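Per this note's numbering, the very first residue in the first sequence carries number 78; after that it's consecutive.
Notes for the one structure printed next.
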Amino acid sequence: MTDQPSIVRVRDILAAEEPGSCVQVQGWVRTRRTSKAGLTFVEVNDGSSLANLQVVAEQALPNYEAISKLGTGASVEVRGEIVSSPAAGQAMELRAADIRVVGDSPDDYPLQKKRHSFEYLRTIAHLRARTNTFGAVARVRNEVSRCIHEYFQTRGYLYVHSPIITAIDAEGAGEMFQVTALDLENPPRRDGHVDYGRDLFEDRAYLAVSGQLEAEIMATAVGGVYTFAPTFRAENSNTFRHLSEFWMIEPEIAWCDLDRLQDIAEDFIKCIFASVLDRCPEDMRFFNDRIDSTAIETLESIVGSRFVRISYTEAVEILEKAVEANFQFPVSWGMDLQSEHERYLTEQTFRKPVIVTNYPRENKAFYMRVNDDGKTVAAMDVLVPRIGEIIGGSQREERYDRLREQMAARGMDPEAYWWYLDLRRYGTVPHAGFGLGLERTVQFITGMANIRDVIPFPRAPGLLSF
RNA sequence: UCCGGCGUAGCUCAGUCGGUAGAGCGGGCGGCUGUUAACCGCUUGGUCGCAGGUUCGAGUCCUGCCGCCGGAGCCA
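In structure tokens:
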């Protein structure tokens with residue numbers, strides 16, 4: 078036994094420590110059970126794992142009185158010896174030689190030793206991170222993020238930073254938040270309109286809805302890049318899978334066509350799922366037990382199988398034959414696939430992820446490459462059960478004239494995209510990319526029903542606390 | 001934004017045909033226990049979302065508003 082035991086995380090104690098070692102633990106009290114026989118059990122959690130460490134305090138401790146009354150949520154520093162636990166429930170426990178109550182927690186601590194609704198927990202987002210579920214979500218989200226960087230870094234992609242503030246109203250993909258330094262109570266005016274020429278950027282500015290166009294700039298210089306950044310949508314969407322501020326990963330790859338893009342997207346997703354299964358087994362077991370009883374099985378089966386790949390046209394043919402589905406929106410070639418159609422494909426027809434490609438040109442963005450049939454573009458959506466679209470991507474239109482046509486057909490001003498067009502004038506190259514929604518990925522993996530519960534501080538219409 | 005549902009104790013909910021409000025958990029007190037969602041007893045706790053209306057009487061019925069949840073659209 079040394080005088081200064083090293084600070085050890087609960088996760089490491091439960092995984093590796095041997096009886097006899099002396100450690101110091103720092104964490105928060107999850108629950109306390111006091112026995113009148115002069116023994117108090119304190120469950121300490123430090124966020125490193127789902128499981129708590131059982132700390133055993135004996136009456137001989139000088140501050141035993143305070144320890145026996147410790148409230149849920151209190152912060153403590155415990156020094157002691159790891160011993161084998163004589164009782165069921167845990168292999169190891171910490172026999173306390175010293176417990177320092179760093180911050181007590183009064184009896185109005187909002188988190189009780191029972192199940193709370195996620196809805197209620199959202200109203201105390203500053204404390205919900207201390208619950209089992211949100212701790213587990215935080216660790217899985219971290220692993221997904223870590224794995225994404227590893228995936229691209231080990232394959233030679235550059236992590237690039239696209240701007241958050243942008244002038245481009247990117248193809249009307251959802252409403253944008255405007256950014257201004259003007260006094261909104263009294264903006265400068267000219268000819269009856271707000272004079273944005275006198276704003277800080279001397280032009281209208283927005284929060285980015287995508288980093289893709291800038292990523293294309295970088296990809297056509299260095300080959301393969303990816304962004305990993307917050308994205309902003311001002312759309313008044315109030316659903317279980319939309320946020321006003323969310324994180325998106327957008328790889329962009331030069332010399333890449335749609336076939337290879339599909340290979341990358343599939344490999345990428347499987348890699349993330351496999352990594353979470355491998356490195357967060359305890360948390361995944363929790364989600365499987367408490368949130369979605371098929372969580373682990375779903376991930377394992379996806380990792381071990383091939384994604385289905387069908388064209389939009391084939392998808393429409395399948396859906397048109399599915400009379401028993403009794404769709405609210407009838408299916409015909411040329412229409413957008415509705416949620417019910419996507420779910421039919423992923424949950425009924427194939428029961429696994431489906432990549433749908435080559436959508437009608439009119440339904441998709443101007444930058445997608447026009448196919449030889451002239452009617453479709455080289456787009457792909459990766460659809461998964463329950464969530465729907467988790468990835469949206471395409472091969473980009475690299476031919477200058479075709480891109481001009483696409484823009485003209487949508488009434489877009491080429492002047493505003495002069496630099497984007499320049500990429501096609503000088504050394505153009507086939508390239509492709511996609512966007513992966515981080516929150517939707519975490520949602521799919523964990524089985525969490527609402528996207529607001531897989532991001533620590535959700536922003537959605539009417540939701541800006543914390 | 002549209003459609004539907006729900007707002008009752010700190011939390012999760014019940015409340016029948018309209019007759020002045022209940023349980024479990026939590027908190028407090030006591031008992032018991034190498035305990036572990038501990039257990040047992042007692043106890044505490046409410047402007048029934050807000051504002052109107054109908055009625056002898058409204059948690060309950062009606063209208064408006066606010067909030068939340070679910071579905072749809074938009075998308076990742």
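We treat Cβ as the ideally placed atom computed from N, Cα and C, and that holds for glycine.
These numbers come from a predicted model, not from an experiment.
What residue range is occupied by the uninterrupted beta strand (DSSP E) comprising residue i?
i: L171; result: M169 to G180
i: S112; result: C99 to S112
i: G301; result: G301 to F309
i: L147; result: Run containing L147: none; DSSP gives neither H nor E here.
i: L116; result: L116 to N122
i: H508; result: H508 to G514
i: Q131; result: L130 to E135
i: Q415; result: Where Q415 is concerned, there is no enclosing beta strand (DSSP E), given that its DSSP letter is neither H nor E.
i: Q339; result: No beta strand (DSSP E) contains Q339, which is instead part of the alpha helix (DSSP H) from L335 to R356.
i: E374; result: Segment A372 to V380 is the alpha helix (DSSP H) holding E374; no beta strand (DSSP E) there.
i: V400; result: Neither: V400 is in no beta strand (DSSP E) and is coded neither H nor E.
i: R156; result: S152 to S161
i: E466; result: G465 to Q472
i: V385; result: V385 to S388
Taking the Cβ atom as the reference point for each residue, do residue i and residue j lie within a distance shorter than 8 Å?
i: T117; j: A134; result: yes
i: E419; j: Q405; result: no
i: V286; j: F317; result: no
i: G510; j: Q339; result: no
i: V178; j: A143; result: yes
i: E516; j: L320; result: yes
i: S98; j: I159; result: yes
i: C348; j: C224; result: yes
i: P535; j: A215; result: no
i: T518; j: V85; result: no
i: A244; j: D268; result: no
i: V256; j: A292; result: no
i: V454; j: S471; result: yes
Note down the Cα distance separating residue i from residue j, rounded to an integer number of angstroms.
i: S352; j: G157; result: 35 Å
i: R479; j: R501; result: 10 Å
i: V555; j: P240; result: Residue numbering for the chain in the displayed model covers 78 to 543; residue 555 lies beyond these limits and cannot be assessed.
i: D355; j: E482; result: 48 Å
i: T79; j: T210; result: Low per-residue confidence applies at T79: pLDDT is 47, beneath 50, and the placement is therefore not dependable enough to give any value.
i: I330; j: G301; result: 4 Å
i: Y303; j: E154; result: 42 Å
i: P139; j: F323; result: 50 Å
i: S152; j: V102; result: 11 Å
i: V132; j: M525; result: 31 Å
i: D458; j: F364; result: 27 Å
i: F559; j: Y228; result: There is no way to answer for residue 559, as the model of the chain reaches only from 78 to 543.
i: V385; j: P507; result: 25 Å
i: T426; j: Y389; result: 15 Å
i: Q89; j: L147; result: Rather than Gln, the amino acid found at residue 89 in this sequence is Asp. For D89 and L147, the distance between alpha carbons rounds to 25 Å.
i: I579; j: P183; result: The structure shown does not extend to residue 579, since the chain is modelled only from 78 through 543, so no value can be given for it.
i: G504; j: Y283; result: 30 Å
i: G166; j: L91; result: 12 Å
i: F521; j: S194; result: 20 Å
How far does the alpha helix (DSSP H) with residue i in it reach, from first residue to last?
i: R479; result: Y477 to A486
i: N448; result: No alpha helix (DSSP H) contains N448, which DSSP labels as neither H nor E.
i: T210; result: N209 to Q230
i: N435; result: Taken as a continuous stretch (DSSP letters only), N435 belongs to no alpha helix (DSSP H), being part of the beta strand (DSSP E) at V431 to P437.
i: Y197; result: F195 to R199
i: Y283; result: Counting along the chain, Y283 falls outside any alpha helix (DSSP H), though it belongs to the beta strand (DSSP E) covering A282 to L284.
i: R501; result: W495 to R502
i: L205; result: Checking the displayed sequence, the identity of residue 205 turns out to be Arg instead of Leu. Taken as a continuous stretch (DSSP letters only), the alpha helix (DSSP H) holding R205 covers A202 to R205.
Taking all protein chains shown into account, decide if residue i is buried (16 or more other Cβ within 10 angstroms of its Cβ) or exposed.
i: W105; result: buried
i: E439; result: exposed
i: I242; result: exposed
i: K113; result: exposed
i: L277; result: exposed
i: F350; result: buried
i: T523; result: buried
i: Q230; result: exposed
Where does residue i sit, in a helix, a strand or coil, going by DSSP?
i: W324; result: strand
i: V408; result: coil
i: D185; result: coil
i: M78; result: Because M78 sits at a pLDDT of 44, beneath the cut-off of 50, its placement in the model cannot be relied upon, and the point is left open.
i: E95; result: coil
i: L541; result: coil
i: H270; result: strand
i: V237; result: coil
i: A258; result: coil
i: D164; result: Strictly speaking, residue 164 in this sequence is Ala, with Asp absent from that position. DSSP places A164 in coil when its eight states are reduced to three.
i: A244; result: coil
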